[in-house]
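In the UniProt record's numbering, the protein residues as written are 5 to 351.
For every residue, glycine included, the Cβ atom is placed at its ideal position computed from N, Cα and C.
All of these numbers come straight from a predicted model, not from anything done at the bench.
Beneath this line is the structure, given in structure tokens, with notes to follow.
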Amino acid sequence: PKKDCNICPEWDCQNVNDFKNVWVVGEVDENGISEPSLQMLTPANKIASKLNTKIVGLLVGYNVKKYAKEFIEYGADEVIVLDDERLSMYSPHIYARTIAELAKKYKPAVIFISATMKGRELGPYVANTLRAGITADCTDFDVDEKTKDVLLIRPPFGAVLLAYIKTPTRRPQIGTARPNVFKLPPRDPNRNGEIIEEKIDYIPKPKARLVSRKLLPINEVPIEKADLIVSGGKGLGNVEGFKLLEELASKMNAAVAGSRKAVDMGWIPHEKQVGQTGKSVKPILYLAVGISGAAQHMFGIREAEVVVAINNDPNAPIFSQADYGIVADYKQVIPALIKEIESLKKQ
Ligand code: FAD
5 PKKDCNICPE
15 WDCQNVNDFK
25 NVWVVGEVDE
35 NGISEPSLQM
45 LTPANKIASK
55 LNTKIVGLLV
65 GYNVKKYAKE
75 FIEYGADEVI
85 VLDDERLSMY
95 SPHIYARTIA
105 ELAKKYKPAV
115 IFISATMKGR
125 ELGPYVANTL
135 RAGITADCTD
145 FDVDEKTKDV
155 LLIRPPFGAV
165 LLAYIKTPTR
175 RPQIGTARPN
185 VFKLPPRDPN
195 RNGEIIEEKI
205 DYIPKPKARL
215 VSRKLLPINE
225 VPIEKADLIV
235 SGGKGLGNVE
245 GFKLLEELAS
255 KMNAAVAGSR
265 KAVDMGWIPH
275 EKQVGQTGKS
285 VKPILYLAVG
295 ISGAAQHMFG
305 IREAEVVVAI
315 NNDPNAPIFS
325 QADYGIVADY
335 KQVIPALIKE
345 IESLKKQ
């Protein structure tokens, strides 16, 4: 920053060396800090050790202070808490404004936000309020050893390349990553750290008022949490094919998922799409039916323990990555599987 310069607001005139620490924004729901935001402590740990700096957890909301210790046990060195009744209702523009105020005060070098439904909305709001950049859906983070810029790594153009993105003249660098891209770090109840309680005088009033909240009935676990997944692709041919998959899934207590083509055909909702523009899953068993195995789909099942593919084309690319493969028409295999499970249950 130049002396006696009045051209731009103080915040815009940055010295990147003033910015330290890696922040992880903790998303809190009725069960505590959400697992996806705790997963962000894993890359935070890597970056903080390369930058020789601290990991700071950020808890913004109402009745959130009680979760600060949990943040520390999972790996935060300290936690900044802004616990305020005026934040009892989540609103992206209010939360972003308060996070931005805290960032202006503490000057973090990098902010990590999990790309949950809320995080996908909050991240760009925070970046915009801070006039900072944001790299969404990163699959890794690293540090440029020479410049100490954080490298936000993501696969553009359908996962055929890896882009290393940095903002050398602007801080904080903001990155999001999807749930399950990083593992949950181990919890250590003996870890200690400082809890800093913050107050903010002005919190804007919400522009919208929440009148009521209705949770949609959930008749199966979300795919990102399921241990068993039966997933269908374009090869199912029609929505009837999915009905058959659902029947098998209910016998196995599995969740049903699908490829992007299946979503595009309207056979399954987008929240059940697996892959680069869908969700990353980590089941014990992933049964891929009528799915060819495109890179963008396989990206979402990197963490699956066992992948079984059913496809009538012996040359389908999925066979080179699956642990087990069945070359057959699914219309023969799935009813046979259902029959077999039923007879096993009777025994
Ligand atoms: P297809 O590729 O058409 O494969 C259908 C398969 O079914 C074939 O292998 C065929 O042999 C088999 N089959 C046909 N009939 C039968 C039968 N009777 N029994 C058994 N097998 C049968 N895709 C995703 O899935 N998730 C993503 O998140 C995603 N993101 C993308 C992001 C970008 C930027 C781009 C460019 C693409 C993305 N895609 C994604 C699309 C991806 O490239 C593929 O087009 C898609 O995954 C293919 O879906 P599919 O395997 O269902 O269909």
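According to DSSP, which residues form a beta bridge with S235? Along the sequence shown, read from residue 1 onward, the residue named residue 235 stands at position 231. According to DSSP, S235 bridges with A261 and A292.
What is the DSSP secondary structure of A106, reduced to helix, strand or coil? Locating residue 106 in the sequence shown gives position 102, where the first residue counts as 1. Position check: residue 106 holds Leu in this sequence, whereas Ala was assumed. Three-state DSSP puts L106 in a helix.
Given K211 as reference, the closest of K69, Q325 and S95 once Cα atoms are compared: Within the sequence shown, the letter at position 207 stands for residue 211. For the residues K69, Q325 and S95, the minimum Cα distance to K211 belongs to S95.
Is the stretch 252-260 touching the stretch 331-348 in the sense that three or more CB pairs, one from each, lie closer than 8 Å? The stretch 331-348 makes contact with the stretch 252-260: 3 or more CB pairs, one atom from each, lie closer than 8 Å.
As an exercise, report each continuous beta strand (DSSP E) stretch of at least 3 residues that is fully enclosed by the stretch 92-171, in chain order. The stretch 92-171 contains these whole beta strand (DSSP E) runs: 112-118, 144-147, 154-158 and 167-169.
For I157 and T143, I'd like the C-alpha separation in whole angstroms. Reading the sequence shown from its first residue, position 153 is the one you call residue 157. Reading the sequence shown from its first residue, position 139 is the one you call residue 143. For the pair I157 and T143, the Cα-to-Cα distance works out to about 6 Å.
Neighbourhood of F161 by C-beta, 7 Å cutoff - its chain only, sequence neighbours within 5 removed: Mapped onto the sequence shown, residue 161 falls at position 157. Once the five neighbours on either side are set aside, F161 has no close Cβ partner at all.
Any idea what DSSP makes of Y71, helix, strand or coil? The residue you call residue 71 lines up with position 67 of the sequence shown. Under the three-state reduction of DSSP, Y71 is assigned to helix.
Does Y334 come out as helix, strand or coil in the three-state DSSP assignment? Within the sequence shown, residue 334 is the residue found at index 330, counting from 1. Judged by DSSP in its simplified three-state form, Y334 adopts helix.
Hey, would you say E201 sits closer than 9 Å to K69, going by beta carbons? Numbered from its first residue, the sequence shown carries residue 201 at position 197. Numbered from its first residue, the sequence shown carries residue 69 at position 65. The answer is yes: Cβ separation under 9 Å.
When DSSP builds the beta bridges, which residues end up paired with L86? Here residue 86 is taken as the residue at index 82 of the sequence shown, counted from 1. Per DSSP, V64.
Is R191 closer than 9 Å to R135 when the C-beta atoms are compared? Indexing the sequence shown from 1 puts residue 135 at position 131. Indexing the sequence shown from 1 puts residue 191 at position 187. Going by C-beta atoms, R135 is not nearer than 9 Å to R191.
Contact under 9 Å by Cβ, G197 with G245: Residue 197 sits at position 193 when you count from the first residue of the sequence shown. Residue 245 sits at position 241 when you count from the first residue of the sequence shown. No, the Cβ-Cβ distance between G197 and G245 is not below 9 Å.
Hey, would you say the C-beta of Y334 is under 8 Å away from at least one heavy atom of the ligand FAD? As a position in the sequence shown, residue 334 is number 330, starting the count at 1. For the ligand FAD, at least one heavy atom lies less than 8 Å from the Cβ of Y334.
Please work out which residues of its chain come closer than 8 Å, Cβ to Cβ, to N49, disregarding the five sequence neighbours upstream and downstream, and give them in chain order. Counting from 1 along the sequence shown, the entry for residue 49 is found at position 45. Result list for N49: I59, G79 and P189, in chain order.
The beta strand (DSSP E) spanning N319 covers which residue range? Locating residue 319 in the sequence shown gives position 315, where the first residue counts as 1. That residue, N319, is in no beta strand (DSSP E); it is neither H nor E in DSSP.
Going by C-alpha to C-alpha distance, which of D146, M121 and E89 sits closest to E275? On the sequence shown, position 271 is the one that residue 275 refers to. If we check each option's Cα against that of E275, M121 comes out closest.
Just the Cα atoms here: how many angstroms apart are L289 and D333? The residue labelled residue 289 in the question sits at position 285 within the sequence shown. The residue labelled residue 333 in the question sits at position 329 within the sequence shown. The straight-line gap from Cα to Cα measures roughly 20 Å.
Quick check on the burial criterion: 16 or more other C-beta atoms within 10 angstroms. Buried or exposed for R217? As a working mapping, residue 217 is identified with position 213 in the sequence shown. Burial call: exposed.
State the Cα-Cα distance for the pair N132 and I272, rounded to the nearest angstrom. Residue mapping note: residue 132 aligns to position 128 of the sequence shown, counting from 1. Residue mapping note: residue 272 aligns to position 268 of the sequence shown, counting from 1. Answer to the nearest angstrom: the Cα atoms are 34 Å apart.
Going by DSSP in three states, N21 sits in which element: helix, strand or coil? On the sequence shown, position 17 is the one that residue 21 refers to. Helix at N21.
Inspect the CB distances between the stretch 312-324 and the stretch 255-266 and report whether three or more fall short of 8 Å. Three or more Cβ pairs closer than 8 Å define a contact, and the stretch 312-324 falls short of that threshold against the stretch 255-266.
Going by other Cβ atoms of all chains shown within 10 Å of its Cβ, with 16 needed for buried, is L348 buried or exposed? Taking the first residue of the sequence shown as 1, we reach residue 348 at position 344. L348 should be labelled exposed.
Whole-angstrom distance between L62 and V83, CA atom to CA atom: As a working note, residue 83 is residue 79 in the sequence shown. As a working note, residue 62 is residue 58 in the sequence shown. Cα to Cα, V83 sits roughly 6 Å from L62.
Apart from the five residues just before and just after R101, which ones in its own chain have a Cβ nearer than 7 Å to its Cβ? Position 97 of the sequence shown holds residue 101. In chain order, T133 and P208 place their CB closer than 7 Å to the CB of R101, counting only its own chain and leaving out the 5 sequence neighbours on each side.
What do you get for T46, buried or exposed, if any count of 16 or more other CB atoms within 10 angstroms of its CB means buried? Taking the first residue of the sequence shown as 1, we reach residue 46 at position 42. Label assigned to T46: buried.
For a test of the three-state rule: what should DSSP assign to G207, helix, strand or coil? Within the sequence shown, numbered from 1, the residue matching residue 207 stands at position 203. Looking at the sequence provided, one finds Ile at residue 207 rather than Gly. Note: I207 maps to coil in three-state DSSP.
Please return the same chain residues whose Cβ sits closer than 6 Å to the Cβ of E228, not counting the five positions on each side in sequence. Here residue 228 refers to the residue found at position 224 of the sequence shown. Answer for E228: P183, N184, K283 and V285, listed in chain order.
Would you identify the three-state DSSP class for G270, choosing helix, strand or coil? Position 266 of the sequence shown holds residue 270. G270: coil per DSSP, three-state reduction.
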